[in-house]
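Visitor:
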Ligand SMILES: Nc1ncnc2c1ncn2[C@@H]1O[C@H](COP(=O)(O)OP(=O)(O)OP(=O)(O)O)[C@@H](O)[C@H]1O
Ligand code: SF4
Ligand SMILES: [Mg+2]
C-alpha cells in the first residue's frame, strides 16, 4: 500500500539574486515497508526534499505540488498541524550524529521527552521503552547508556542512538539523510544492516538519501537519481544498477570503486553541477555529458517510460538496446 505519494513537488529557496529552484517537480511514491533510495551529488536537492516532508524548510522557502502521507496532504500544513506528523509519524536521522544529539543532556532526557508528549505514556513507561529501543539498535548496556551523554559514545554508537531516538515515537516513515556517510566502512555496513532489520521488525518505510549508489544497492527496493534538483532516472534498484539509461546514473556507477579493478584512481564525472538558480531549461547535465547533442538543450525534455516503472529523462538515450555487458563492461 502506498504510504507516501509525492507529485510535482518543487521547492524554491531565497538566494542573493532572488528565488531559485532547488527541487524541481519531483514525483515519487514510497510503499509500506519499502526503502526508496535518493541519490545525487552534493547540491542536488536531496536534503531539501527530505526537509519538505518534515515541514522543516528554511523560513522563506516556497513549496508547490503535493505530498500525501497516508492520504493526508502535508504541503501547506500549519506549524501546529505539523506537530502531529513530525517525529511521531515521519522521523529523520541526520548525517552527523554529533550535531543531532545534545551534548549537555543525557540520552534519557533526549529520548523520553518526545515519547511522553507524543505517545501520551508515563515517564516510567518511556524509560522502559527507551531501554528496549537501545537494545534493539544493539547498544551494549542500555540502562547505563540512558544515563550517559553523547560525548561518551563512538560515532557509530551515536548514530545507532539517533536511529533509536528517531524510532522512539513509532514513526511509519523514516527519512535517513546520509546516516552512514560520516562513519567508516565497517560501521557503515552495520548501520545499513540495522536499518534493514528495523524496517522488517517495525514495518517501517524508509527514504535513504546518499550520494553513493554503492550503498543504495544493498538495501533499497527502488531508486530516484537526482541531478540539479530534477529527476534524472528512477525505477527498481536492480534494473537501474544493471542497465542505467541516463548518462548521469552511468557516470555515478562508473565512479564507484571496482573491487577487481587494477586502476588506483577512482573515475569521476568531469565538471560540476550548475549552481542553484542557473539550471538550464534543457538537460542540466549537458555541460558534463559526452553524449550531449543539439536536442539536449533549449526545450523541456520529456521522460521515457519503460517496463517495471523504469523512467529516465534523456533526449539522446545513448544506451538504448545495449546489453548489460555493453553498458557495464
Ligand atoms: N538555507 C538555504 N538557503 C538557500 N539555498 C540553500 C539553503 N540550503 C541549501 N541550499 C541550496 O539548495 C540546493 C540543494 O541543497 P540540498 O542541501 O538539498 O543538497 P543535497 O543534495 O542534500 O547536497 P549534499 O549531498 O551536499 O547534502 C543547493 O544548491 C544548496 O546550496
Ligand atoms: S539529454 Fe543529452 S546531455 Fe542530457 S544526459 Fe541525455 S545525452 Fe546527455
Ligand atoms: Mg544533503
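Residue numbers (this note's numbering): 736 to 1064.
Note that the Cβ used here is the ideal one computed from N, Cα and C, for glycine as well.
Note down the Cα distance separating residue 785 from residue 985, rounded to an integer number of angstroms.
Guide: Approximately 24 angstroms, taken between the alpha carbons.
Visitor: Mind listing, in chain order, the residues whose beta carbon lies closer than 5 angstroms to a non-hydrogen atom of ligand 2?
Guide: Counting every residue whose Cβ lies closer than 5 angstroms to a heavy atom of ligand 2, we get 982, 1018, 1020, 1021, 1024, 1026, 1027, 1031, 1049, 1050 and 1051.
Visitor: What is the C-beta distance between residue 891 and residue 922, in whole angstroms, given that I count them as a contact (C-beta under 8 angstroms)?
Guide: About 4 angstroms separates the two Cβ atoms, so the contact holds.
Visitor: In angstroms with no decimal places, state the Cα-to-Cα distance between residue 872 and residue 970.
Guide: Looking at the two C-alpha atoms, the distance is approximately 30 angstroms.
Visitor: Drop a sphere of 10 angstroms on the beta-carbon of residue 1058, count the other beta-carbons inside from all chains shown, and report buried for 16 or more, exposed for fewer.
Guide: When all chains shown are included, residue 1058 counts as exposed.
Visitor: Would you report the Cα separation of residue 749 and residue 757, rounded to the nearest angstrom?
Guide: Using only the alpha carbons, I get a separation of about 10 angstroms.
Visitor: I'd like the ranges of any alpha helix (DSSP H) spanning at least 4 consecutive residues and lying wholly in the stretch 806 to 837.
Guide: List check, alpha helix (DSSP H) in window: 814 to 820 and 832 to 835.
Visitor: Taking the alpha-carbon of residue 736 as reference, which of 745, 778, 751 and 804 has the nearest alpha-carbon?
Guide: Residue 804 is the option with its Cα nearest to residue 736.
Visitor: Between which two residues does the alpha helix (DSSP H) holding residue 878 run?
Guide: Where residue 878 is concerned, the enclosing alpha helix (DSSP H) stretches over 877 to 881.
Visitor: Below 8 angstroms, can you find three or more Cβ-Cβ pairs linking the stretch 767 to 782 to the stretch 933 to 948?
Guide: Flag = yes, the stretch 767 to 782 and the stretch 933 to 948 touch.
Visitor: So, is residue 845 buried or exposed, given that buried needs 16 or more other C-beta atoms within 10 angstroms?
Guide: When all chains shown are included, residue 845 counts as buried.
Visitor: Report yes if the C-beta distance between residue 972 and residue 952 is below 9 angstroms; otherwise report no.
Guide: The answer is yes: Cβ separation under 9 angstroms.
Visitor: Suppose you measure from the CA of residue 811 to the CA of residue 789; what does that come to, to the nearest Å?
Guide: Cα to Cα, residue 811 sits roughly 12 angstroms from residue 789.
Visitor: Distance, Cα to Cα, residue 1034 vs residue 1019?
Guide: Approximately 11 angstroms, taken between the alpha carbons.
Visitor: Alpha carbons only, please: which of 849, 741, 833 and 769 is nearest the one belonging to residue 809?
Guide: Taking only the C-alpha atoms, the option nearest residue 809 is 741.
Visitor: How about residue 942: is its C-beta nearer than 9 angstroms to some C-beta of chain B?
Guide: In the displayed structure, chain B is absent; only one protein chain is listed.
Visitor: Can you round the beta-carbon distance between residue 950 and residue 927 to whole angstroms, since I take them to be within the 8 angstroms contact cut?
Guide: About 7 angstroms; that satisfies the 8 angstroms criterion.
Visitor: Could you tell me the alpha carbon to alpha carbon distance between residue 1060 and residue 773, rounded to whole angstroms?
Guide: So the alpha carbons of these two residues sit roughly 25 angstroms apart.
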